[in-house]
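Okay, so here's the structure we're looking at.
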Ligand SMILES: Nc1nc2c(c(=O)[nH]1)N[C@H]1C(S)=C(S)[C@@H](COP(=O)(O)OP(=O)(O)OC[C@H]3O[C@@H](n4cnc5c(N)ncnc54)[C@H](O)[C@@H]3O)O[C@H]1N2
Ligand code: MOO
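Numbering (UniProt numbering), first residue to last: 1 to 403.
Following this line, the structure appears as structure tokens:
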């Protein structure tokens, strides 16, 4: 194996075998260089990552705006009503003088000279005269640039383009954003025992990972382009499939990470002089997972074939790698109190399915690395370090689901 690979901020000499769980996440993130940016219409930029900071091209709001339906008033009341201004129009009849008022809609520009807006509920109108409690100066007026003055920083490079940012960018004059597209991911599922449909026959196993991984990749910010099933035999099948993976930034290989006669992944990577980033992680399950870069080509993430181990490994290496490729920071995991029957593993982080009620994570009964029942009924993974003692908070991975 190649041992002199410089990766990320770790320097060439860090041993990349049996890495502590958090260190493996950091290395996977630091190894990636962000994919080249594109210019995308706002609707196409949704969910992507900003490739550059954005600043307000126009103040938000763009003009002094009424926050209430009522009367824009100047000076002390009562006031003479001398016209109306509605949202989408402007007052063109000069500055109001003390004692004058203009009927105004929410969202309309406040006429020059007006001090405040008197809401319609507080106003008493007789013909062209309106009276009511004297509003404090500036009351119910949103000042131009109050949310963001022209030139103000709206979001830094690496920020997630969420719904609120899209609305803010539009408010501040943007039609397009410079963003990083989702890194492309191809998924190679190995294992001659696997079947893709129906009930498994003798010795057969239904493929759990082909259906699981595309949505997992999407939830981590990647684009799952293909799931291909690769036979264990003849030898060289996996190498040919990797070769044929095309333009993807990431190839995920499931199975084939262990030491069995059909497990070809490590030798394939060594034959290709891959740059090793992580080769095994001190966690349970998911120990045999790996990450290496092919020369001038994609990253290869090896996930163990055991389905729960694959889920844990994807959250260890694939998520951070995709964050790095997207130009995002390494996601900071909340640290939360943990309850339930927790047993630590000597020298390894145990990653346990858990439920999260907003205050405490509760581990679910352990079923082992092959079984998804815990993760499917829980909504989080709790990373329990080897030195955990009751009362210690643990990092929590929240499994994606709608609010
Ligand atoms: N002698 C040793 N054997 C094993 C070791 C070891 O250290 N020494 N490690 C074990 C651990 S831990 C894991 S995890 C697995 C990793 O195995 P592979 O990544 O090589 O995967 P396979 O051997 O192909 O499969 C393991 C297991 O998972 C089932 N599987 C595989 N793919 C799927 C799929 N897409 N859907 C559902 N189930 C799948 C497969 O049938 C096996 O039962 O190695 C251990 N062995
Ligand atoms: O480490 Mo394996 O991933 O326990 O099942």
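C-beta: ideal position from N, C-alpha, C; glycine also.
This structure is a prediction, so every number in the text was calculated from the model and none was measured.
Just checking my contact of residue i with residue j at CB under 8 Å: how many whole Å lie between their CB atoms?
{"i": "residue 232", "j": "residue 190", "result": "6 Å"}
{"i": "residue 110", "j": "residue 72", "result": "5 Å"}
{"i": "residue 316", "j": "residue 31", "result": "With 8 Å as the limit, residue 316 and residue 31 do not qualify as a contact, their Cβ atoms being about 13 Å apart."}
{"i": "residue 288", "j": "residue 304", "result": "5 Å"}
{"i": "residue 27", "j": "residue 278", "result": "6 Å"}
{"i": "residue 301", "j": "residue 252", "result": "5 Å"}
{"i": "residue 49", "j": "residue 179", "result": "6 Å"}
What did DSSP end up calling residue i once you bin it into helix, strand or coil?
{"i": "residue 411", "result": "Because the chain in this structure spans residues 1 to 403, residue 411 falls outside the shown range and cannot be described."}
{"i": "residue 198", "result": "coil"}
{"i": "residue 2", "result": "Note that residue 2 scores a pLDDT of 31, beneath 50, so its modelled location is shaky; the value from the coordinates is reported in the next line. If DSSP states are grouped into helix, strand and coil, residue 2 belongs with coil."}
{"i": "residue 17", "result": "strand"}
{"i": "residue 330", "result": "coil"}
{"i": "residue 9", "result": "Any reading at residue 9 is ruled out, since the residue's pLDDT is 47, under 50, leaving its predicted position unreliable."}
{"i": "residue 395", "result": "strand"}
{"i": "residue 320", "result": "helix"}
{"i": "residue 135", "result": "coil"}
{"i": "residue 23", "result": "helix"}
{"i": "residue 325", "result": "helix"}
{"i": "residue 107", "result": "coil"}
{"i": "residue 83", "result": "strand"}
{"i": "residue 89", "result": "coil"}
{"i": "residue 307", "result": "helix"}
{"i": "residue 344", "result": "coil"}
{"i": "residue 382", "result": "strand"}
{"i": "residue 123", "result": "coil"}
{"i": "residue 403", "result": "coil"}
{"i": "residue 365", "result": "coil"}
{"i": "residue 370", "result": "coil"}
{"i": "residue 404", "result": "No information on residue 404 is available, as it lies outside the stretch 1 to 403 that the chain covers here."}
{"i": "residue 375", "result": "helix"}
{"i": "residue 114", "result": "coil"}
Exercise. May I have all residues whose beta carbon comes closer than 5 Å to any heavy atom of ligand 2, sorted in chain order?
Key: 285, 286, 287, 304, 306, 309 and 369
Residue ranges of each alpha helix (DSSP H) within the segment 29-77, 4 or longer: 42-45
Original post:
Is the segment 69-84 close to the segment 131-144, with three or more CB pairs under 8 Å?
Top reply: yes
Does the segment 218-227 come close enough to the segment 316-325 to have 3 or more Cβ pairs within less than 8 Å? yes
Requested in this report: Scan the segment 215-301 and note each continuous beta strand (DSSP E) run of 3 residues or more that stays entirely inside, going in chain order.
Outcome: 223-230, 250-254, 275-281 and 290-293
| query | So, do the segment 14-23 and the segment 268-284 have three or more beta carbon pairs nearer to each other than 8 Å? | reply | yes
Between the segment 305-313 and the segment 369-389, do three or more beta carbon pairs fall short of 8 Å?
yes
Problem set entry | Every unbroken alpha helix (DSSP H) inside the segment 140-214 [4 residues or more] | 163-171
Does the count of Cβ pairs from the segment 46-58 and the segment 87-95 closer than 8 Å reach three? no
**Prompt:** Taking one C-beta from the segment 153-163 and one from the segment 96-115 each time, how about it: are there three or more such pairs within less than 8 Å?
**Reply:** no
| task | Would you check if the segment 137-149 and the segment 93-102 touch, i.e. whether three or more CB-CB distances between them fall below 8 Å? | result | no
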